[in-house]
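Notes for the one structure printed next.
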Amino acid sequence: MSAFVVHNLELDGQGGATSLPVSELPKILPDQGCRWVHLDALQDDGYDWLSSLEGIPETAIEALFAEETRPRTVKMGKGLLLTLRGVNLNPESNPSDMVSLRLWVTPHFIVSSRRRKLLSVQDVVKDLANNEGPTNTGDIVATLTETLTGRMAKIITGLEDELADLEESIGEGIEAGQRDSLVQRRLETIRLRRFLVPQKEAINKLSQESITWMTPEQTAQVQEAANDITRYVEGLESLRERCLLMQEEFANLQAEKMNARMYVLSILSGIFMPLGFLTGLFGINIGGMPGTDSSAAFWLFCVVLVVLGGGQFVLMRKSRWF
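Each residue of the sequence shown is one higher than the one before, starting from 816 at the first, in the working numbering.
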(Lines of atoms letter the chains of each structure in order from A and count residues from 1; the text may use other names and numbers.)
(Lines give C-alpha, C1' and ligand atoms only; values in the text may rest on other atoms or scores of the structure.)
Protein backbone atom coordinates (compact mmCIF):
# COMPACT_ATOMS: atom_id res chain seq x y z
CA MET A 1 0.00 0.00 0.00
CA SER A 2 1.34 3.42 -0.96
CA ALA A 3 2.14 5.89 1.82
CA PHE A 4 -0.82 8.16 1.09
CA VAL A 5 -3.39 5.30 1.00
CA VAL A 6 -4.23 3.95 4.44
CA HIS A 7 -7.06 1.68 3.23
CA ASN A 8 -8.43 0.89 -0.22
CA LEU A 9 -11.44 -1.33 0.35
CA GLU A 10 -14.18 -2.78 -1.80
CA LEU A 11 -17.17 -3.85 0.27
CA ASP A 12 -18.95 -7.06 -0.68
CA GLY A 13 -22.34 -5.98 0.68
CA GLN A 14 -22.34 -8.82 3.22
CA GLY A 15 -20.31 -7.20 5.98
CA GLY A 16 -16.90 -7.96 4.53
CA ALA A 17 -14.43 -6.15 2.29
CA THR A 18 -11.48 -6.82 0.02
CA SER A 19 -8.30 -4.76 0.37
CA LEU A 20 -7.17 -3.62 -3.09
CA PRO A 21 -3.71 -2.43 -4.19
CA VAL A 22 -2.97 1.19 -5.00
CA SER A 23 -2.89 0.35 -8.70
CA GLU A 24 -6.64 -0.28 -8.52
CA LEU A 25 -7.58 3.12 -7.13
CA PRO A 26 -10.62 4.39 -9.05
CA LYS A 27 -10.07 6.92 -11.85
CA ILE A 28 -13.72 7.94 -12.03
CA LEU A 29 -16.47 7.94 -9.43
CA PRO A 30 -17.87 4.42 -9.01
CA ASP A 31 -21.54 4.10 -9.96
CA GLN A 32 -22.07 0.65 -8.50
CA GLY A 33 -20.92 -1.40 -5.55
CA CYS A 34 -19.20 0.31 -2.63
CA ARG A 35 -15.61 1.57 -2.50
CA TRP A 36 -13.93 3.17 0.50
CA VAL A 37 -10.57 4.90 0.17
CA HIS A 38 -9.02 6.19 3.38
CA LEU A 39 -6.16 8.66 2.87
CA ASP A 40 -3.34 10.12 4.93
CA ALA A 41 -3.86 13.88 4.57
CA LEU A 42 -0.20 14.54 5.40
CA GLN A 43 0.87 13.04 2.06
CA ASP A 44 0.66 15.28 -1.01
CA ASP A 45 0.23 12.28 -3.32
CA GLY A 46 -3.26 11.79 -1.96
CA TYR A 47 -4.22 15.32 -2.94
CA ASP A 48 -2.83 14.79 -6.44
CA TRP A 49 -4.74 11.53 -6.92
CA LEU A 50 -7.98 12.97 -5.64
CA SER A 51 -7.62 16.02 -7.91
CA SER A 52 -7.33 13.71 -10.90
CA LEU A 53 -10.53 11.86 -9.98
CA GLU A 54 -13.43 13.16 -12.07
CA GLY A 55 -16.60 14.23 -10.30
CA ILE A 56 -15.22 15.49 -6.97
CA PRO A 57 -15.61 19.26 -6.49
CA GLU A 58 -12.47 21.24 -5.67
CA THR A 59 -14.03 22.57 -2.45
CA ALA A 60 -14.50 19.02 -1.19
CA ILE A 61 -10.85 18.16 -1.93
CA GLU A 62 -9.68 21.30 -0.10
CA ALA A 63 -11.85 20.40 2.89
CA LEU A 64 -10.49 16.84 2.99
CA PHE A 65 -6.90 18.10 3.15
CA ALA A 66 -7.35 21.28 5.22
CA GLU A 67 -5.10 21.59 8.26
CA GLU A 68 -7.86 22.85 10.56
CA THR A 69 -11.56 22.18 10.25
CA ARG A 70 -14.67 22.20 12.39
CA PRO A 71 -17.43 19.56 12.40
CA ARG A 72 -20.02 20.18 9.68
CA THR A 73 -22.35 18.50 7.19
CA VAL A 74 -22.56 20.07 3.71
CA LYS A 75 -23.85 18.82 0.37
CA MET A 76 -21.10 19.28 -2.25
CA GLY A 77 -21.47 18.24 -5.86
CA LYS A 78 -22.82 14.72 -6.16
CA GLY A 79 -21.91 13.85 -2.60
CA LEU A 80 -22.04 14.87 1.02
CA LEU A 81 -19.10 16.36 2.90
CA LEU A 82 -19.04 15.25 6.53
CA THR A 83 -16.41 16.45 9.00
CA LEU A 84 -16.41 14.92 12.46
CA ARG A 85 -14.14 14.80 15.50
CA GLY A 86 -13.27 11.91 17.78
CA VAL A 87 -11.56 11.82 21.17
CA ASN A 88 -7.83 11.21 20.95
CA LEU A 89 -7.21 7.77 22.47
CA ASN A 90 -3.77 7.32 20.95
CA PRO A 91 -1.01 6.40 23.45
CA GLU A 92 0.39 9.32 25.50
CA SER A 93 -2.21 11.71 24.07
CA ASN A 94 -4.74 14.01 25.68
CA PRO A 95 -8.28 12.78 24.90
CA SER A 96 -9.52 16.37 24.67
CA ASP A 97 -7.09 16.98 21.79
CA MET A 98 -9.69 15.68 19.37
CA VAL A 99 -8.81 13.99 16.07
CA SER A 100 -10.62 15.01 12.88
CA LEU A 101 -12.16 12.66 10.33
CA ARG A 102 -13.26 14.09 6.97
CA LEU A 103 -15.50 12.17 4.55
CA TRP A 104 -16.96 12.86 1.13
CA VAL A 105 -19.72 10.35 0.45
CA THR A 106 -21.75 9.30 -2.60
CA PRO A 107 -24.11 6.32 -2.93
CA HIS A 108 -21.24 4.05 -4.10
CA PHE A 109 -18.04 5.77 -2.99
CA ILE A 110 -16.45 7.14 0.18
CA VAL A 111 -13.16 8.96 0.38
CA SER A 112 -11.98 9.87 3.87
CA SER A 113 -8.84 11.46 5.23
CA ARG A 114 -7.09 11.82 8.58
CA ARG A 115 -3.96 13.47 9.94
CA ARG A 116 -3.70 11.26 13.01
CA LYS A 117 -4.83 7.72 13.70
CA LEU A 118 -8.43 7.35 14.76
CA LEU A 119 -9.40 4.17 16.58
CA SER A 120 -13.00 4.32 15.34
CA VAL A 121 -11.82 3.85 11.74
CA GLN A 122 -9.61 0.95 12.80
CA ASP A 123 -12.59 -0.67 14.52
CA VAL A 124 -14.71 -0.47 11.36
CA VAL A 125 -11.86 -1.89 9.23
CA LYS A 126 -11.41 -4.71 11.75
CA ASP A 127 -15.13 -5.52 11.61
CA LEU A 128 -14.95 -5.63 7.80
CA ALA A 129 -12.01 -8.04 8.02
CA ASN A 130 -14.15 -10.27 10.27
CA ASN A 131 -17.16 -10.03 7.90
CA GLU A 132 -19.10 -8.16 10.58
CA GLY A 133 -18.81 -4.63 9.22
CA PRO A 134 -21.01 -2.20 7.28
CA THR A 135 -22.51 -3.20 3.93
CA ASN A 136 -22.70 0.11 2.02
CA THR A 137 -21.75 3.78 2.19
CA GLY A 138 -24.74 4.73 4.31
CA ASP A 139 -23.87 1.97 6.75
CA ILE A 140 -20.25 3.19 6.95
CA VAL A 141 -21.39 6.75 7.73
CA ALA A 142 -23.88 5.59 10.36
CA THR A 143 -21.36 3.21 11.97
CA LEU A 144 -18.57 5.80 12.09
CA THR A 145 -20.93 8.41 13.52
CA GLU A 146 -22.14 6.02 16.21
CA THR A 147 -18.62 4.78 17.03
CA LEU A 148 -17.11 8.27 17.27
CA THR A 149 -19.94 9.39 19.54
CA GLY A 150 -19.85 6.28 21.71
CA ARG A 151 -16.16 6.67 22.53
CA MET A 152 -16.86 10.08 24.08
CA ALA A 153 -18.99 8.62 26.86
CA LYS A 154 -16.06 7.12 28.77
CA ILE A 155 -14.06 10.36 28.64
CA ILE A 156 -16.93 12.56 29.83
CA THR A 157 -17.87 10.07 32.56
CA GLY A 158 -14.24 10.08 33.68
CA LEU A 159 -14.27 13.88 33.90
CA GLU A 160 -17.46 13.76 35.98
CA ASP A 161 -15.92 11.22 38.38
CA GLU A 162 -12.72 13.26 38.74
CA LEU A 163 -14.68 16.42 39.51
CA ALA A 164 -16.85 14.54 42.01
CA ASP A 165 -13.73 13.29 43.81
CA LEU A 166 -12.28 16.79 43.76
CA GLU A 167 -15.49 18.27 45.19
CA GLU A 168 -15.42 15.73 48.00
CA SER A 169 -11.77 16.40 48.79
CA ILE A 170 -12.35 20.17 48.84
CA GLY A 171 -15.00 19.65 51.51
CA GLU A 172 -12.30 18.11 53.71
CA GLY A 173 -9.91 21.03 53.18
CA ILE A 174 -7.70 22.51 50.51
CA GLU A 175 -4.58 20.55 49.65
CA ALA A 176 -1.61 21.26 47.40
CA GLY A 177 -2.31 20.44 43.76
CA GLN A 178 -6.09 20.60 43.95
CA ARG A 179 -6.26 23.95 42.20
CA ASP A 180 -3.98 22.73 39.38
CA SER A 181 -6.14 19.63 39.01
CA LEU A 182 -9.28 21.75 38.77
CA VAL A 183 -7.71 24.02 36.14
CA GLN A 184 -6.71 20.97 34.08
CA ARG A 185 -10.23 19.48 34.25
CA ARG A 186 -11.73 22.81 33.23
CA LEU A 187 -9.38 23.11 30.24
CA GLU A 188 -10.31 19.61 29.10
CA THR A 189 -13.99 20.48 29.38
CA ILE A 190 -13.51 23.64 27.31
CA ARG A 191 -11.56 21.77 24.60
CA LEU A 192 -14.18 19.03 24.35
CA ARG A 193 -17.07 21.48 24.25
CA ARG A 194 -15.35 23.52 21.55
CA PHE A 195 -15.80 20.69 19.04
CA LEU A 196 -18.78 18.82 20.47
CA VAL A 197 -21.18 21.74 20.07
CA PRO A 198 -20.63 22.08 16.28
CA GLN A 199 -20.44 18.27 16.02
CA LYS A 200 -23.89 18.04 17.58
CA GLU A 201 -25.18 20.43 14.92
CA ALA A 202 -23.43 18.46 12.16
CA ILE A 203 -24.88 15.11 13.27
CA ASN A 204 -28.33 16.64 13.77
CA LYS A 205 -28.19 18.03 10.24
CA LEU A 206 -27.05 14.63 8.92
CA SER A 207 -30.00 12.94 10.62
CA GLN A 208 -32.43 15.46 9.13
CA GLU A 209 -31.08 15.53 5.56
CA SER A 210 -33.02 13.74 2.85
CA ILE A 211 -30.34 11.26 1.84
CA THR A 212 -31.56 8.62 -0.59
CA TRP A 213 -28.62 6.27 -0.03
CA MET A 214 -29.33 5.92 3.69
CA THR A 215 -32.00 3.49 4.89
CA PRO A 216 -34.48 4.38 7.66
CA GLU A 217 -32.54 2.10 10.01
CA GLN A 218 -29.28 3.93 9.24
CA THR A 219 -30.96 7.30 9.71
CA ALA A 220 -32.34 6.12 13.05
CA GLN A 221 -28.80 5.07 14.02
CA VAL A 222 -27.54 8.58 13.23
CA GLN A 223 -30.45 10.11 15.16
CA GLU A 224 -29.52 8.01 18.19
CA ALA A 225 -25.95 9.29 17.91
CA ALA A 226 -27.37 12.84 17.73
CA ASN A 227 -29.32 12.23 20.94
CA ASP A 228 -26.22 10.86 22.66
CA ILE A 229 -24.00 13.78 21.68
CA THR A 230 -26.71 16.23 22.77
CA ARG A 231 -26.60 14.56 26.17
CA TYR A 232 -22.80 14.79 26.23
CA VAL A 233 -22.90 18.50 25.41
CA GLU A 234 -25.39 19.05 28.23
CA GLY A 235 -23.06 17.09 30.50
CA LEU A 236 -20.15 19.33 29.51
CA GLU A 237 -22.27 22.40 30.25
CA SER A 238 -22.93 20.98 33.71
CA LEU A 239 -19.22 20.22 34.18
CA ARG A 240 -18.32 23.75 33.20
CA GLU A 241 -20.74 25.18 35.76
CA ARG A 242 -19.38 22.85 38.41
CA CYS A 243 -15.82 23.95 37.62
CA LEU A 244 -16.84 27.60 38.01
CA LEU A 245 -18.56 26.87 41.32
CA MET A 246 -15.52 24.96 42.56
CA GLN A 247 -13.23 27.83 41.58
CA GLU A 248 -15.45 30.18 43.55
CA GLU A 249 -15.33 27.74 46.48
CA PHE A 250 -11.53 27.71 46.24
CA ALA A 251 -11.49 31.50 46.34
CA ASN A 252 -13.93 31.58 49.28
CA LEU A 253 -11.93 29.03 51.28
CA GLN A 254 -8.70 30.89 50.63
CA ALA A 255 -10.35 34.17 51.63
CA GLU A 256 -11.70 32.58 54.81
CA LYS A 257 -8.25 31.27 55.74
CA MET A 258 -6.70 34.65 55.05
CA ASN A 259 -9.39 36.46 57.04
CA ALA A 260 -8.93 34.07 59.98
CA ARG A 261 -5.20 34.70 60.02
CA MET A 262 -5.65 38.46 59.72
CA TYR A 263 -8.22 38.32 62.53
CA VAL A 264 -5.77 36.55 64.85
CA LEU A 265 -3.12 39.12 64.02
CA SER A 266 -5.60 41.92 64.71
CA ILE A 267 -6.46 40.42 68.13
CA LEU A 268 -2.79 40.12 69.01
CA SER A 269 -2.16 43.67 67.82
CA GLY A 270 -5.06 44.90 69.95
CA ILE A 271 -3.65 43.17 73.05
CA PHE A 272 -0.06 44.32 72.61
CA MET A 273 -0.81 47.85 71.47
CA PRO A 274 -1.37 49.35 74.98
CA LEU A 275 1.43 47.17 76.38
CA GLY A 276 3.77 48.50 73.72
CA PHE A 277 2.64 52.03 74.53
CA LEU A 278 3.44 51.60 78.20
CA THR A 279 6.82 49.96 77.63
CA GLY A 280 7.68 52.71 75.20
CA LEU A 281 6.57 55.39 77.61
CA PHE A 282 8.55 53.98 80.52
CA GLY A 283 11.52 53.39 78.29
CA ILE A 284 12.25 57.08 77.80
CA ASN A 285 15.42 58.16 79.53
CA ILE A 286 14.52 61.51 81.14
CA GLY A 287 14.24 62.77 84.68
CA GLY A 288 10.96 62.58 86.60
CA MET A 289 10.06 58.96 85.64
CA PRO A 290 8.31 57.20 88.57
CA GLY A 291 10.09 54.28 90.19
CA THR A 292 13.59 55.15 89.09
CA ASP A 293 14.75 55.10 92.69
CA SER A 294 12.90 51.87 93.70
CA SER A 295 14.40 48.38 93.20
CA ALA A 296 10.88 46.84 93.06
CA ALA A 297 9.57 49.22 90.37
CA PHE A 298 10.53 46.93 87.47
CA TRP A 299 8.69 43.90 88.89
CA LEU A 300 5.70 46.02 89.79
CA PHE A 301 5.62 47.32 86.22
CA CYS A 302 5.71 43.73 84.87
CA VAL A 303 2.77 42.79 87.08
CA VAL A 304 0.81 45.78 85.78
CA LEU A 305 1.49 44.70 82.19
CA VAL A 306 0.34 41.13 82.89
CA VAL A 307 -2.82 42.31 84.60
CA LEU A 308 -3.54 44.76 81.79
CA GLY A 309 -2.98 42.10 79.07
CA GLY A 310 -5.14 39.58 80.93
CA GLY A 311 -7.89 42.15 81.40
CA GLN A 312 -7.89 42.89 77.69
CA PHE A 313 -8.10 39.20 76.87
CA VAL A 314 -11.06 38.67 79.22
CA LEU A 315 -12.83 41.76 77.86
CA MET A 316 -12.42 40.62 74.24
CA ARG A 317 -13.57 37.14 75.15
CA LYS A 318 -16.73 38.44 76.80
CA SER A 319 -17.33 40.69 73.80
CA ARG A 320 -17.09 37.56 71.59
CA TRP A 321 -14.31 38.91 69.46
CA PHE A 322 -13.02 35.34 69.22
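In this text, a Cβ means the ideal position worked out from N, Cα and C, and glycines have one as well.
In this structure, how does DSSP classify residue i when only helix, strand and coil are distinguished?
{"i": "K893", "result": "coil"}
{"i": "A832", "result": "strand"}
{"i": "R929", "result": "strand"}
{"i": "G901", "result": "strand"}
{"i": "D827", "result": "coil"}
{"i": "F819", "result": "coil"}
{"i": "E907", "result": "coil"}
{"i": "S915", "result": "strand"}
{"i": "R850", "result": "strand"}
{"i": "I871", "result": "coil"}
{"i": "T960", "result": "helix"}
{"i": "R966", "result": "helix"}
{"i": "C887", "result": "A quick correction: the sequence has Arg, not Cys, at residue 887. In this structure, R887 counts as strand in the three-state DSSP scheme."}
{"i": "T1094", "result": "helix"}
{"i": "I843", "result": "strand"}
{"i": "T921", "result": "strand"}
Have a look at residue i and residue j and give me their C-alpha separation to the nearest angstrom.
{"i": "T972", "j": "K1020", "result": "26 Å"}
{"i": "L963", "j": "E825", "result": "22 Å"}
{"i": "Q858", "j": "V821", "result": "11 Å"}
{"i": "L943", "j": "Q937", "result": "10 Å"}
{"i": "P922", "j": "W1028", "result": "5 Å"}
{"i": "Q1069", "j": "V998", "result": "16 Å"}
{"i": "E947", "j": "E1064", "result": "51 Å"}
{"i": "P845", "j": "E983", "result": "58 Å"}
{"i": "D860", "j": "A1066", "result": "55 Å"}
{"i": "S834", "j": "G992", "result": "51 Å"}
{"i": "I970", "j": "S911", "result": "9 Å"}
{"i": "E961", "j": "E1071", "result": "48 Å"}
{"i": "L1083", "j": "V1048", "result": "53 Å"}
{"i": "G830", "j": "A881", "result": "31 Å"}
{"i": "M1088", "j": "R1076", "result": "18 Å"}
{"i": "R1046", "j": "S1053", "result": "11 Å"}
{"i": "L1051", "j": "L897", "result": "23 Å"}
{"i": "W864", "j": "A878", "result": "15 Å"}
{"i": "P841", "j": "L868", "result": "8 Å"}
{"i": "G1126", "j": "P1105", "result": "23 Å"}
{"i": "S866", "j": "A856", "result": "13 Å"}
{"i": "T884", "j": "V1079", "result": "57 Å"}
{"i": "G1098", "j": "V1118", "result": "16 Å"}
{"i": "I1086", "j": "L1130", "result": "10 Å"}
Among residues of its own chain, excluding the 5 on either side of residue i, which ones have a beta-carbon nearer than 7 Å to its beta-carbon?
{"i": "D954", "result": "Q1033"}
{"i": "Q1185", "result": "The chain is shown only over 816 to 1137; residue 1185 falls outside these bounds and no answer can be derived."}
{"i": "T958", "result": "V939 and P949"}
{"i": "N909", "result": "N903"}
{"i": "N905", "result": "R931 and K932"}
{"i": "A1040", "result": "T960, E961, T964 and I1018"}
{"i": "V1012", "result": "V1048"}
Using a 10 Å radius around the Cβ and a threshold of 16 neighbouring Cβ atoms, would you call residue i buried or exposed?
{"i": "K941", "result": "exposed"}
{"i": "I843", "result": "exposed"}
{"i": "M967", "result": "buried"}
{"i": "R917", "result": "buried"}
{"i": "L978", "result": "buried"}
{"i": "S935", "result": "buried"}
{"i": "F1092", "result": "exposed"}
{"i": "T1094", "result": "exposed"}
{"i": "A818", "result": "exposed"}
{"i": "S1111", "result": "Before going on, a small fix: residue 1111 reads as Ala here, not Ser. Classification for A1111: exposed."}
{"i": "N1074", "result": "exposed"}
{"i": "R1135", "result": "exposed"}
{"i": "V823", "result": "A small correction: the amino acid at residue 823 is Asn; Val does not occupy that position in the sequence shown. N823 is buried by the Cβ-count criterion."}
{"i": "V956", "result": "buried"}
{"i": "R1132", "result": "exposed"}
{"i": "A1035", "result": "exposed"}
Excluding sequence positions up to five away, which residues of its chain have a Cβ less than 6 Å from the Cβ of residue i?
{"i": "R900", "result": "P886, M913, S915, F1010 and Q1014"}
{"i": "L1115", "result": "none"}
{"i": "D827", "result": "none"}
{"i": "Q1038", "result": "S1022"}
Identify, in the order they occur along the chain, each residue of the same chain with its Cβ nearer than 8 Å to the Cβ of residue i, setting aside the five sequence neighbours on each side.
{"i": "L1090", "result": "L1120, L1123 and G1124"}
{"i": "T952", "result": "C849, W851, V920, T921, P922, H923, F924, I925 and W1028"}
{"i": "E1024", "result": "T888, K890 and L895"}
Report whether the distance from the Cβ of residue i to the nearest heavy atom of the ligand ATP is below 8 Å.
{"i": "K941", "result": "The ligand ATP is absent from the structure shown, which contains no ligand whatsoever."}
Do three or more CB pairs link the stretch 888-897 to the stretch 855-873 at distances below 8 Å?
yes
Would you be able to state if there are at least three C-beta pairs under 8 Å between the stretch 1001-1013 and the stretch 1045-1059?
yes
Is the stretch 838-855 touching the stretch 911-930, taking contact as three or more C-beta pairs under 8 Å?
yes
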